Every structure is written in C-alpha cells, then in structure tokens.
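J.: Below is the structure I would like to discuss, written out as structure tokens.
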Amino acid sequence: MNTNRLSKEIAKALNAQMTKEAYAAQIYLSYGSWAESEGFGGISNFLFRHAAEERNHMMKILEYILKRGGRVHVTSIPAPPENPKNTFNCFEKVFAHEVDNTKAIYAIIKLSFEEEDWATWNFMQWFVKEQIEEETMAMIMLDKMKIAGGEKASDEALYTIDKDLEHDTGEAKSAEDVTTEKP
Ligand code: FEO
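Here our numbering is used: the first residue of the sequence shown is 24, the next is one more, and so on.
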C-alpha cells in the first residue's frame, strides 16, 4: 500500500527547501568565520548561533517529509557566497539572503494551496512567521549599523555593537506577539 502523502512536486519542493536551509547554515557559518577573522567576536557568535537555527529548520523539513511518507534526498550543498566587504555589507547580505528564502517558502505555500495539500500548507505557516522574525532581525542589525555610520562606522561604534551581540539570541519579537502592556 502506498502511504506517501506528498505529491511529486511538493516532495521535490520540500527537498529543495531542506537543502536551502542547509545552505543558509553554510552562509551563516561562513560569514561568522569571516567576522571572527576580522576581530568581531560578538558578531561571529551571533552568526554561529544563527547557523545552528538554520540546521534546525533543515531538520524540521526533513522530519516532515518522512512523517508524510515521502522520500528524503540529501544532496550536496552549494558553497556560500563571497565574504562580506565589511560589517555593514555583512548584514546587507544576510537581509538579501533572508528575503530570498522567504520567496522560496512562499512558492511552496502557493504550490500547496494549488494542490489543496492543507497539511503542507499548515506546516509551512510556521516558516512564514519565522521568516518575519528573521527579516526583522536583519533589519534591526542594519538599522544599528546605519546609526553607527554604515560603511563608515567608527571602530568605537563597531566595538560597542560587537559587544552587544555577544549574547544576543537574534530573536526578534513578532508583531503578532506584541500587546499594549508589552510593546
Ligand atoms: Fe531558515 Fe533564515 O531561514
């Protein structure tokens, strides 16, 4: 008896997204290593912690494919892009990457809607919320960098930002979770 509950197209899209999340982890690992080499230990820790989050996203999709009776295809992961030019550019690249990932997630949701695969549609809603948080995290970092002077930020300003990020979890509060008591 065939217990596979995923269509060929959905399984293919989910497998591709699983690899995309692994690729995201590689990006954060790569930028984190670059930041450490440039002397920004706080930014580096922040990016390394985020790399672990991306691996968790990958596992979530892998588990979902298996739970729905689909086949997981673990493939090679593309190499991350070039190193950033500076810390401001680092978060510009992070933001661009997250927007790109959001588009890929929306495409899967669109496909699941068209196929009336409500299980996948429902599963992917978690990623919609996560992407809002991740884009927000990158926007907050870009704002901080802009206030510090963007590409011309002083060493002192960058030192302060780097120190702040040492223990920052990168968790941005979603608008949905805000109340008047806890803005
Ligand atoms: Fe898994 Fe940064 O999205």
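The beta-carbon is built from N, C-alpha and C at its ideal position, and this holds for glycine as well.
Since this is a predicted model, take the numbers as computed values, not measurements.
Assuming the contact rule is C-beta atoms closer than 8 Å, D191 and F114 should be a hit. Round their C-beta distance to whole Å, please.
T.: About 13 Å; that fails the 8 Å criterion.
J.: Checking 8 Å against the spacing of the C-beta atoms, do T110 and I66 come in under that value?
T.: Yes, these two residues count as a Cβ contact at 8 Å.
J.: Quick one: is L89 buried, meaning 16 or more other Cβ sit within 10 Å of its Cβ, or exposed?
T.: Classification for L89: exposed.
J.: Terminal residues of the continuous alpha helix (DSSP H) containing N27?
T.: Here N27 belongs to no alpha helix (DSSP H), and DSSP marks it neither H nor E.
J.: Between which two residues does the alpha helix (DSSP H) containing R78 stretch?
T.: First-last of the alpha helix (DSSP H) with R78: 64-90.
J.: Answer yes or no: do K143 and I33 have a C-beta to C-beta separation smaller than 8 Å?
T.: A small fix is needed here, since residue 143 is Thr in this sequence, not Lys. Their beta carbons are under 8 Å apart, which means T143 touches I33 by this criterion.
J.: Which same chain residues end up closer than 6 Å to D187 when comparing Cβ atoms and leaving out the 5 residues on each side of it in sequence?
T.: Hits under 6 Å: none found.
J.: May I ask you to check if the CB of N227 is nearer than 7 Å to at least one heavy atom of the ligand FEO?
T.: Lying outside 24 to 206, the shown extent of the chain, residue 227 is not represented and no answer is given.
J.: With a cut-off of 6 Å, give the chain-ordered residues whose Cβ is closer than this to any heavy atom of the ligand FAD.
T.: The model on display carries the ligand FEO but not the ligand FAD.
J.: Suppose you measure from the CA of W242 to the CA of K83; what does that come to, to the nearest Å?
T.: Since the first residue of the chain shown is 24 and the last is 206, residue 242 is not available in this structure.
J.: If we ignore side chains and look at the alpha-carbon of each, how far apart do G193 and F71 end up?
T.: Their Cα atoms are separated by approximately 11 Å.
J.: Taking only three categories from DSSP, how would you classify T202?
T.: Three-state result, T202: coil.
J.: Which class does I100 belong to by DSSP, given the choice of helix, strand or coil?
T.: It is coil, neither helix nor strand.
J.: Rounded to a whole number of angstroms, what is the C-alpha to C-alpha distance between F136 and E44?
T.: Distance between the alpha carbons of F136 and E44 is about 22 Å.
J.: Please classify W57: is it buried, with 16 or more other beta-carbons within 10 angstroms of its beta-carbon, or exposed?
T.: Label assigned to W57: buried.
J.: By a C-beta neighbour count over all protein chains shown, 10 Å radius and 16 as the cutoff for buried, is G93 buried or exposed?
T.: That one is buried.
J.: Which stretch, first to last residue, makes up the alpha helix (DSSP H) that contains H120?
T.: That run of the alpha helix (DSSP H) goes 110-138.
J.: Mind checking N38: buried by the 16 CB within 10 Å criterion, or exposed?
T.: Buried, by the Cβ-count rule.
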